[in-house]
Each structure stands twice: as structure tokens, then as C-alpha cells.
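Colleague: FYI, in my numbering the residues of the sequence shown are 1 to 919.
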Amino acid sequence: MTGFVLLRVRAHRLLLGAALLAVALTTTVLAALAGFSGSIGNAALQAGLRDRSAAAATLVVSGQIPADHRAAADRAVTDAARRAFDGLPVTVRRLESSGPYALPRSLQPPAAREGDPDLTNFAALDRSRLTLVHGAWPKAGRPGGVLEAALPQEAARRLRTGPGAVLELTDRLAEKTLRVRITGVYAPVDLTDPYWQLDDARGRGVRTVSFTTYGPLLADPSVLASGAVTAGGTSWLGSADFSGLDTGGIAPLREAAARESQRLASDTTTFGTTISTDTGLPTVLAQTERALAVSRSTLLVVAVQLVMLAAYALLLVARLLSTERSGETALLRARGGSRRRIAGLAAAEALLLALPAAVVAPLLSGPLTRLFAERSALSSLGVRLDTSPSATVWLVSTAVALACAAAVVAPALGARDGDAVSLRKARGGTLPWPVRAGADVALLLVAGIALWQLQRTPEAAADGAGIDPVLVAAPALALLAGTVLTLRLLPPAARLAERRAAAGRGLSAALAGWQFSRRPLRGAGPVLLLVLAVAMGMLAIGQSNSWERSQHDQADFRAGAPVRVLGVGPGDPARASRLAAVPGVREVTPVHRSAMDLAGRNATVLAVATDRLADGLLLREDLAGATAAELLAPLSAPVEKGQDHLLPAVASEAFMAAAKAKPGDHLELSLGGRRLYAVVGRVVKDLPTTGSGGRTSDAAAATRVPEDGGGVLVDLTAVNRYLATTGPEAPVAPTEWWLTPESGRADDVAKALRAADEPGEIVVRDTIADELLGDPLGAGPNTALMAVAAAAAALAAVGFAVGSAGSVRERSAEFAILRALGAPRRRLARLLAAEQGVLIGVGLLVGVALGTLLARVVVPLVVLTGRATRPVPPVLVELPLGEVALLLAGVAALPLAVVAAIALRRNDPAVSLRHQGDN
1 MTGFVLLRVR AHRLLLGAAL LAVALTTTVL AALAGFSGSI GNAALQAGLR
51 DRSAAAATLV VSGQIPADHR AAADRAVTDA ARRAFDGLPV TVRRLESSGP
101 YALPRSLQPP AAREGDPDLT NFAALDRSRL TLVHGAWPKA GRPGGVLEAA
151 LPQEAARRLR TGPGAVLELT DRLAEKTLRV RITGVYAPVD LTDPYWQLDD
201 ARGRGVRTVS FTTYGPLLAD PSVLASGAVT AGGTSWLGSA DFSGLDTGGI
251 APLREAAARE SQRLASDTTT FGTTISTDTG LPTVLAQTER ALAVSRSTLL
301 VVAVQLVMLA AYALLLVARL LSTERSGETA LLRARGGSRR RIAGLAAAEA
351 LLLALPAAVV APLLSGPLTR LFAERSALSS LGVRLDTSPS ATVWLVSTAV
401 ALACAAAVVA PALGARDGDA VSLRKARGGT LPWPVRAGAD VALLLVAGIA
451 LWQLQRTPEA AADGAGIDPV LVAAPALALL AGTVLTLRLL PPAARLAERR
501 AAAGRGLSAA LAGWQFSRRP LRGAGPVLLL VLAVAMGMLA IGQSNSWERS
551 QHDQADFRAG APVRVLGVGP GDPARASRLA AVPGVREVTP VHRSAMDLAG
601 RNATVLAVAT DRLADGLLLR EDLAGATAAE LLAPLSAPVE KGQDHLLPAV
651 ASEAFMAAAK AKPGDHLELS LGGRRLYAVV GRVVKDLPTT GSGGRTSDAA
701 AATRVPEDGG GVLVDLTAVN RYLATTGPEA PVAPTEWWLT PESGRADDVA
751 KALRAADEPG EIVVRDTIAD ELLGDPLGAG PNTALMAVAA AAAALAAVGF
801 AVGSAGSVRE RSAEFAILRA LGAPRRRLAR LLAAEQGVLI GVGLLVGVAL
851 GTLLARVVVP LVVLTGRATR PVPPVLVELP LGEVALLLAG VAALPLAVVA
901 AIALRRNDPA VSLRHQGDN
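Right under this line is the structure:
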């Protein structure tokens with residue numbers, strides 16, 4: 001039997017070779033996607049917890065611990081940290097601080113000396129986290145009764161003091177005085193180090209709530225242990241090494257972190273007092289689960305589409321193979337071969353296709369996974385992917401290879417006696433019975449419902465527990481429905497082609513039109529393959545480019561300006577002029593940001609110097625319906641209605657909905673505790689830097705805050721004029737500054753600000769964009785999109801080439817008769833080229849139309865953030881013409897080459913006529 005199977009394979013080696021290529025290509029790509037999904041999930045999880053979410057992934061414990069409980073407290077925190085991190089390697093750091101001390105009044109501005117004094121405290125900071133800017137480190141002991149301490153750089157600058165100064169501090173609890181000599185000035189090595197969560201000022205040196213605290217003053221650890229300063233709080237920071245964590249450990253780790261944090265906070269016996277615990281690890285892990293679900297859903301979306309295309313291509317090849325063997329099958333049946341025996345021969349051939357693919361695909365998945373990683377941002381994170389084939393990869397490869405083999409053998413297994421009829425004897429002018437029964441319309445209806453459901457529930461992976469089937473199925477259903485509808489277009493297109501051809505005078509065009517109209521569905525299989533491939537490619541191009549554009553739009557929205565400097569402590573009047581002196585800065589815009597409660601929602605009020613911001617505001621025009629200059633221009637002049645002086649304002653739709661207001665209504669705003677009255681002249685969809693979409697990082701956006709109440713924008717100068725007319729209140733001071741750098745110099749400005757140790761957080765638009773684009777869970781699947789599109793184009797090209805070759809072989813007798821009647825070979829070549837060219841053209845045109853439509857409808861629904869929410873601002877679909885043209889050229893290249901080779905091939909008509917006579 002083996003020899004007979006090999007003889008059958010040799011007789012139809014071209015068709016079986018095409019089937020083997022399709023099976024191997026499909027299996028390899030899907031195995032690589034499975035391996036890539038697992039590897040990138042683990043690597044992205046570890047990198048995120050180590051880098052971007054390092055601060056949130058810690059456990060912070062703090063409290064006023066009595067001296068006789070501190071040893072037990074140390075042990076309790078260490079044990080709880082091990083349990084909270086579910087057995088991962090843990091490091092616990094401790095920080096001892098003193099109670100509050102009042103700074104001398106002479107360090108305050110004269111106008112502020114009647115209010116609360118400025119405060120400071122002592123702390124035994126880890127010196128490995130510090131750099132000495134001036135002077136020397138403090139020593140132990142109290143020479144001459146004076147305590148030595150070092151001062152933070154920003155505090156020294158604001159207090160105008162430094163090494164050598166002697167300060168007399170007052171204990172706020174015991175009212176005792178303490179003399180302190182400043183020996184040096186220090187600065188943090190890295191403000192993003194999670195260690196600075198132990199410091200209330202987060203390492204910035206200044207913190208303002210209702211009063212201002214400078215510090216902490218760095219003292220020798222022995223000073224705090226000796227009782228020379230009043231006892232204060234003790235804080236612990238627990239952090240873990242996440243290098244051994246994989247995605248399967250997310251749920252246990254999340255539960256352990258939440259459980260231990262609550263248990264520790266309730267243990268007042270061990271600590272002798274009430275303590276506070278804080279960890280963002282459960283939130284970070286929940287967000288990571290959502291990001292993983294979105295990433296895997298994206299990979300599944302393209303995988304399902306590839307499976308659909310591969311199944312159709314293999315069924316087409318199998319159908320052609322079954323047709324080619326119709327005579328052989330009939331002969332075997334006539335000589336006593338049972339249907340089961342014939343099906344067994346087909347199954348043996350299918351296994352010859354499946355086994356090589358099942359073995360080779362896992363071996364190729366590793367190099368392909370590394371290629372995907374190099375094309376995404378994962379390689380830049382310094383994480384090495386495990387590209388060895390896992391059990392999942394082998395399982396996927398085996399299952400896909402067997403499924404492909406089943407698709408090849410399906411026509412033979414489903415054949416009944418009398419079914420082996422040559423296609424040339426069948427009438428091909430009618431639609432398939434499922435289409436005639438309305439299956440295409442039903443499929444379109446189901447796809448429409450799926451898309452509607454997806455639009456209705458944008459949080460496709462909101463539960464974080466798994467893949468949302470609607471997100472995965474909706475694009476494939478829409479693609480399949482649009483492709484099947486193409487069958488209804490072929491008969492009318494054929495009739496139109498026949499009329500146009502009949503009106504001409506050439507034989508080639510007339511014969512091509514007649515053949516097309518007589519059997520319009522003969523080439524339906526290859527055409528539908530091209531439609532599927534082109535539409536899939538268009539979807540991939542649209543999704544990839546739209547995702548990238550969305551990351552840039554989100555960066556613009558989060559930053560608001562190319563560079564933002566967030567203030568620390570009270571507003572510094574000289575800050576704007578100092579920032580304007582930075583090389584590369586073209587304009588500095590002072591901004592005051594305030595939050596207000598709006599019917600239980602958190603709304604943002606922005607007071608901006610609008611005359612300076614028109615060129616620097618990063619606002620997409622479709623959000624406002626106008627340019628930034630047109631939006632800001634009316635805000636500088638107050639509106640007078642009778643005796644009322646109102647501030648003109650621009651509000652977001654969310655703000656107006658929360659306020660239950662409409663344009664022209666009078667609104668009461670709260671700005672830094674002051675009441676203002678404004679009238680909204682324009683409503684925009686969203687205002688940059690406001691709402692959950694305006695937070696500068698995904699970690700910040702994941703924190704629990706009241707529901708978004710939108711934002712409102714007023715002019716800062718107009719606000720201060722308004723306050724001057726309503727009472728003797730101090731003007732509103734800026735809390736941040738938005739910088740407009742010269743073209744292409746945003747990075748230079750940011751580097752100059754950091755080099756100058758400019759206090760406060762520096763938000764750079766390009767840095768946010770790099771972070772979003774560099775997210776491996778977003779960029780990885782985005783890379784896979786184009787790989788799957790290339791595989792789809794290859795599958796379609798192979799399928800179309802096989803279909804074309806089969807069609808020509810089917811009509812070999814017809815061409816032989818035409819040659820015998822005197823038709824020139826050149827004219828028959830033009831006839832064949834015209835027929836196949838029409839099919840290629842129809843496939844490409846319908847594919848482009850369908851792909852464009854689906855991209856416009858589907859892409860805005862499937863492009864999500866890492867939190868499985870709709871991006872802010874909404875996605876704009878991008879379909880670059882250059883990439884579309886490259887896709888069309890790639891899809892059409894092989895079919896055109898095959899058509900040209902067949903058309904130019906020289907066949908002996910006598911041989912074809914002899915075979916026709918034998919039949």
C-alpha cells in the first residue's frame with residue numbers, strides 16, 4: 001500500500017506540493033504565534049514589575065512604633081513581605097524618622113511669618129541612594145551641643161542656606177530647641193527609585209499640604225537611635241525579585257499581596273499601635289492581566305483569520321485534487337475498491353502532509369519568535385526570551401497540522417458513489433445552495449450583531465480573566481461575511497463583461513467574456529482567496545498603523561505640551577523666567593491645576609496663560625472642532641451679563657454631563673479654594689491632561705479615583721483679574737509650567753532641565769510616546785499583524801496559482817480544439833491572460849473595497865489600551881497608500897507570474913485531443 005500511495009503522490013506532486021506548502025506555512029505561523037504569546041507575556045510581566053511599575057509593586061508599611069516593639073515589628077514586616085510576595089526573593093528596607101521640628105522664622109518670606117511655621121524632620125536615609133552636592137556628610141555625635149545634618153538641594157535653594165549654617169529648630173511636640181549645623185547638601189541619585197516612597201516628599205526636598213515641610217535633614221543613624229531627637233515614624237519598604245515569575249503566578253501573587261497587606265494593617269498587637277500599609281501590586285497585576293488579555297486577543301484575532309484563509313485554500317486545493325483524480329477514483333471503484341479503502345489512501349497522503357509540518361513548525365517557532373521580539377520593543381527591555389519550543393507549541397503544531405490534513409482529505413471522505421464527476425461536466429453558473437438559501441445574509445447579520453456588541457461593551461477584557469470571544473470572533477465574522485457576499489457580485493459582473501466583450505471585435509475578449517458569463521463561479525474559489533488575503537492585509541495594515549497613531553495621540557493628550565514641569569511646594573514667581581532661560585525653550589506657559597468635586601465626580605480645572613499656549617497645545621483638531629488658537633482666543637476677555645462678571649470657559653463633554661449644563665449656562669468653579677463663576681462658550685470632546693486618559697502613565701491611570709468628571713479650561717490672567725475685582729484675595733499661583741521648545745529640541749530641553757536639577761516632575765511628550773510604543777504587550781502583537789498578513793498573501797498566491805493551473809488543465813481540450821481550428825497561440829495566450837487577469841483584478845478590487853470598509857468599522861473597536869478600555873482620544877484609522885500598494889503587489893505577483901508562465905507554455909494540441917478522445 002505504501003508504494004501505491006507514493007505513486008499517487010508522485011502523479012500529483014504539484015498539487016500535493018502546494019498543499020504541503022500551505023500546511024507547513026499555516027502550522028509554522030500559528031506555532032510561532034503561540035510561542036510568541038507565551039514568551040512575550042512572561043518577559044513583559046517581569047520587565048514591567050522591574051521597571052515601569054517597580055514603585056507600585058512594593059509593600060510600604062509605616063507607623064509610630066514604640067521602642068519596645070521595634071524588633072518584633074521588624075520581624076513581622078519581613079515575614080509578611082515574604083508571604084505577600086508569594087515566596088519570591090524579598091528585600092526589606094527600613095527608614096527611621098524623627099518628629100516634626102519648626103524651622104526658624106527668619107527663613108520664611110516676611111509676608112508668611114504670621115502664619116504657620118515651615119517644618120522639617122530628621123531621617124537616617126540610605127546614603128547609597130544619595131549624592132553629595134556640596135560640603136560633607138554629617139557625623140555622629142554632637143560637638144559643642146550642635147547636631148550635624150545635611151539638607152536636600154531643593155530645600156537649600158529655597159531656604160537660601162547651605163553648608164556652615166547653624167539653624168535653631170523647635171520641637172513641635174515638646175517645644176524644646178535644637179541647634180543644627182548644616183554640613184552638606186545632598187540630592188537623590190534617582191527620583192524614580194522605589195526607595196523614595198519611604199519619604200513623604202518623595203525625595204524632592206519640599207512638600208506642601210496646608211503647610212510646607214522641607215527635608216528630611218539627613219543625620220547619622222546613631223543620632224536617631226540615641227534619643228537626641230524626638231521619636232518619629234518608622235517605615236519599611238518590601239520589594240521582590242520578579243525574575244522567576246510567570247503569567248501563571250499572577251493570580252496567586254495578587255491574592256497573597258492583598259491578603260497580607262490587610263492582615264498586617266490589622267495586627268496592632270505586634271506593632272503596639274495602628275500602622276498603615278500600602279501596596280499597588282494587586283492593582284498592577286490586575287492591570288497586567290487585562291493587558292495580557294488584550295495582547296492575546298489581538299493575536300487570536302489574526303490567528304482566527306489566518307486559520308479561515310488557510311482552511312479555504314486547503315479545501316480549494318483538495319477539491320482540485322479530487323477533481324484531478326475523478327477518473328482514477330472511478331476506475332478503482334469499478335475494480336472493487338471500497339469507499340473506505342479509497343478514503344484510507346487519501347488519509348495516508350494527508351498524514352504525509354501533516355507529519356513534516358508538525359515536526360518542523362515547533363523548530364522554526366523559536367527563530368520566528370526571536371524575529372518578532374527584535375521587531376518589537378521587547379529586546380530593548382533587556383529581557384531574554386525563552387524561545388525553546390514549549391509543550392503548548394508542540395500541541396498547537398500537532399493540532400493545526402492534523403486539522404490542515406483533515407481539510408485536504410475532507411472531499412475524499414465526503415464523496416459518495418457517483419460523486420466523482422469532472423468539473424467540466426458540471427454547470428457552474430448557479431450560486432452554491434447555502435448562498436441561495438441566504439447564508440451570506442445571515443452571516444452578515446451575525447457579524448453586525450457581534451460588532452454592535454463589541455461597540456456596546458468596549459472593555460473587551462475588563463474582567464481580566466480570559467479572552468473575550470466577541471473581540472476575537474467579530475473581525476473574522478465581518479471578514480467572512482463580506483467575502484461570501486462577493487459570490488453574489490460575480491454573476492452580474494459576468495453578464496456585464498459578456499455585453500462589453502460582445503460589443504468588441506477581438507476574438508480573445510469575446511471568448512473571455514463568453515466563458516466568464518457562462519460559468520461565472522468557475523473562478524470563484526481563487527477570487528475569494530484573493531479577496532480574503534487582501535482584506536486581511538488591509539485590516540492588518542489598518543490596525544498596525546492605527547495602533548501606532550493612537551499611541552502618539554495618547555502621548556499628546558497625556559502631555560498637553562511637548563514638555564511640562566510640575567511644581568513642588570508653593571509657586572515660585574521666578575520659575576517662569578528661569579525656565580525661559582533654558583536653551584531651546586521658545587515659550588513658557590504658567591498653568592494652575594485644581595480639582596473640584598462635581599456631583600461626586602472628580603473634575604479638573606485648568607487656568608492657563610492662553611496667550612502663550614496657542615502654538616504649544618497638543619490638541620487634535622477633531623476633539624475641539626477648531627485649532628488650538630481658535631479655541632483659546634476667546635478666553636482672555638471676561639463676559640459681562642448685567643452686573644455679573646463671568647469668566648469665559650471651554651469645557652469637555654464629560655464635564656458638561658456631570659454638571660448637567662449646556663453651553664451658555666453659568667457655572668460655579670472651584671480653583672484652589674476660591675469660587676469663580678464662568679460661562680461655557682465651547683464644548684469639546686476632551687481636554688488634554690484631564691480625566692483618566694490624561695494621566696501620564698498607565699500605572700497612574702490604574703489607581704482608584706472617583707469617576708471622571710471631565711475638565712474645564714479658563715484663562716489664568718483673566719482669573720486673577722476676576723479675583724482682583726471681587727475681593728482682596730492673593731492671585732492664583734502656577735502649579736506647573738508648559739514649555740514650547742524650538743522645533744526638534746524637546747529632548748534637549750528635558751535633558752537641560754534634569755541637568756540643572758530643576759525641581760518637580762518633568763513630563764516629556766516624546767518619553768510618554770516611547771513608553772507607549774515600547775510596551776511589549778502592545779508592540780508585540782502589532783508586529784505579528786504584519787507577519788500574519790504576509791503569510792496570508794503567500795497562502796492566497798499559492799491557492800490562486802493552483803486554481804489557475806487547474807482551470808487551464810480542465811480546459812486543455814477546449815484550447816486544443818481552438819488551436820486545431822486555426823486560432824493562433826498568441827491569441828489564445830491573450831485569451832487566458834484576459835480571463836485570469838479579470839479574476840485577479842476583481843479579487844484585488846473587491847478585497848481593497850472590503851478591507852477599507854472593514855478597517856473603518858472594525859479597527860476602532862479592536863484597538864484598545866493596556867487596560868482594555870477605549871483610547872483617549874478615539875482611534876483614527878490609518879491606511880497608508882504605500883503599504884496598501886505593496887500589499888497588492890505582493891498578493892498579485894505570484895498569480896500574475898503563474899498566468900504568464902501558463903499563457904506562454906507551448907502544448908501539443910494533438911496530445912490533448914487524443915486524451916479527450918480516450919475519455
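Beta carbons are placed, not taken as given, at the ideal position from N, Cα and C, and that holds for glycine.
No experiment lies behind these values; they were computed from the predicted model shown.
Just to confirm my understanding: we take S652, look at its own chain, exclude 5 residues before and 5 after, and list those with CB closer than 8 angstroms. What are they?
Modeller: Once the five neighbours on either side are set aside, the close Cβ partners of S652 are V683, V684, K685, D686, L687, T690, G691, G710, G711, V712.
Colleague: Using DSSP's beta-bridge definition, name the partner residues of D715.
Modeller: Answer by DSSP bridge pairing, in chain order: V608.
Colleague: So, under 8 angstroms CB-CB, L876 and S546 are touching, yes? Tell me the CB distance rounded to an integer number of Å.
Modeller: Yes, L876 and S546 are in contact; Cβ-Cβ is about 7 angstroms, under 8 angstroms.
Colleague: Since F105 and P117 should fall inside the 8 angstroms C-beta cutoff, what is the C-beta to C-beta distance between them, to a whole number of angstroms?
Modeller: The amino acid at residue 105 is misidentified as Phe; the sequence shows Arg. Contact holds; Cβ gap of about 6 angstroms.
Colleague: H552 lies in the alpha helix (DSSP H); which residues open and close that run?
Modeller: Per DSSP, H552 belongs to the alpha helix (DSSP H) from 524 to 559.
Colleague: Look at the alpha carbon of E548 and the alpha carbon of L539, and state the distance between them as a whole number of angstroms.
Modeller: Cα to Cα, the separation comes out at about 14 angstroms.
Colleague: Relative to the alpha-carbon of G774, which residue among D51, T869, G38, V565 has its alpha-carbon at the smallest distance?
Modeller: Closest option to G774, Cα to Cα, is D51.
Colleague: Relative to the alpha-carbon of V858, which residue among R340, A535, G841 has its alpha-carbon at the smallest distance?
Modeller: Ranking the options by Cα distance to V858, first place goes to A535.
Colleague: Tell me where the alpha helix (DSSP H) around L772 begins and ends.
Modeller: Taken as a continuous stretch (DSSP letters only), the alpha helix (DSSP H) holding L772 covers 765 to 773.
Colleague: Assuming the contact rule is C-beta atoms closer than 8 angstroms, L218 and A150 should be a hit. Round their C-beta distance to whole Å, please.
Modeller: 4 angstroms between Cβ atoms; contact.
Colleague: Using a Cβ-Cβ cutoff of less than 6 angstroms, which residues in the same chain neighbour S594 once the five nearest sequence positions on both sides are dropped?
Modeller: The residues are V605, L671, G672.
Colleague: Where does L528 land, buried or exposed, given buried means 16+ other C-beta within 10 angstroms?
Modeller: So L528 ends up on the buried side.
Colleague: Return the residue from the list L331, E328, L402 that minimises the CA-CA distance to L352.
Modeller: Among L331, E328, L402, the Cα nearest to that of L352 belongs to L402.
Colleague: Which of helix, strand or coil does DSSP assign to N121?
Modeller: In this structure, N121 counts as coil in the three-state DSSP scheme.
Colleague: Does any residue of chain D bring its CB to less than 8 angstroms from the CB of G882?
Modeller: Of the protein chains in the structure, only one exists, and it is not chain D.
Colleague: What does a CB cutoff of less than 6 angstroms around R612 pick up in its chain, not counting 5 residues either side in sequence?
Modeller: Same-chain partners within the cutoff: E587, T589.
Colleague: Going along the chain, which unbroken runs of the alpha helix (DSSP H) with 4 or more residues stay wholly within the region 298 to 327?
Modeller: Fully enclosed alpha helix (DSSP H) runs of 4 or longer: not present.
Colleague: Considering Cα atoms alone, identify which of A256, D278, R263, Y214 is closest to P194.
Modeller: Minimum Cα distance to P194 is reached at D278.
Colleague: Let's see if you can read the secondary structure: which residues bound the alpha helix (DSSP H) around E653?
Modeller: Run containing E653: 653 to 659, per the alpha helix (DSSP H) assignment.
Colleague: Please report how far the alpha carbon of G625 lies from the alpha carbon of L618, in whole angstroms.
Modeller: G625 and L618: Cα-Cα distance of roughly 14 angstroms.
Colleague: Go ahead and pull the three-state DSSP assignment for I182.
Modeller: It is a strand residue.
Colleague: With distances taken Cα to Cα, identify the nearest neighbour of S636 among A225, L130, A614.
Modeller: Among A225, L130, A614, the Cα nearest to that of S636 belongs to A614.
Colleague: Which class does W137 belong to by DSSP, given the choice of helix, strand or coil?
Modeller: If DSSP states are grouped into helix, strand and coil, W137 belongs with coil.
Colleague: Considering only C-alpha positions, which residue in the set G249, M308, G244, S266 is nearest to E289?
Modeller: Nearest of G249, M308, G244, S266 to E289, Cα basis: G249.
Colleague: Please go through the region 220 to 295 and give each complete alpha helix (DSSP H) segment of 4 or more residues, from N-terminal end onward.
Modeller: With a minimum length of 4 residues, the continuous alpha helix (DSSP H) runs that stay inside the region 220 to 295 are 221 to 226, 250 to 265, 268 to 271.
Colleague: Whose CA, out of D715, T740, L739, lies closest to the CA of P947?
Modeller: The structure shown does not extend to residue 947, since the chain is modelled only from 1 through 919, so no value can be given for it.
Colleague: Have a look at L178, L314, A779 and flag the residue whose alpha-carbon is nearest the alpha-carbon of A350.
Modeller: Of L178, L314, A779, the residue nearest in Cα terms is L314.
Colleague: Give me the Cα-Cα distance between L130 and I275, rounded to the nearest whole angstrom.
Modeller: Taking the straight line joining both Cα atoms gives about 28 angstroms.
Colleague: In chain order, what residues of the same chain lie with their CB nearer than 7 angstroms to the CB of A258, ignoring the 5 residues before and after it?
Modeller: Same-chain partners within the cutoff: P282.
Colleague: With C-beta atoms as the reference, is G41 less than 8 angstroms away from T247?
Modeller: Yes. Within cutoff.
Colleague: If L224 sits next to R93, beta carbons under 8 angstroms apart, how far is it from one beta carbon to the other, in whole angstroms?
Modeller: Contact doesn't hold; Cβ gap of about 15 angstroms is too wide.
Colleague: CA-CA distance, R179 and H592?
Modeller: If you take the alpha carbons of R179 and H592, they lie about 38 angstroms apart.
Colleague: Just checking my contact of L292 with L777 at CB under 8 angstroms: how many whole Å lie between their CB atoms?
Modeller: About 6 angstroms separates the two Cβ atoms, so the contact holds.
Colleague: Would you mind stating whether A124 and R172 have Cβ atoms separated by less than 8 angstroms?
Modeller: Contact flag unset, no.
Colleague: For the alpha helix (DSSP H) that contains A56, what are its first and last residues?
Modeller: Note, A56: premise wrong, no alpha helix (DSSP H); not H, not E.
Colleague: Judging by CA-CA distance, which residue of A81, D770, A561, A733 is the nearest neighbour of S743?
Modeller: S743 has its Cα closest to that of A561, out of A81, D770, A561, A733.
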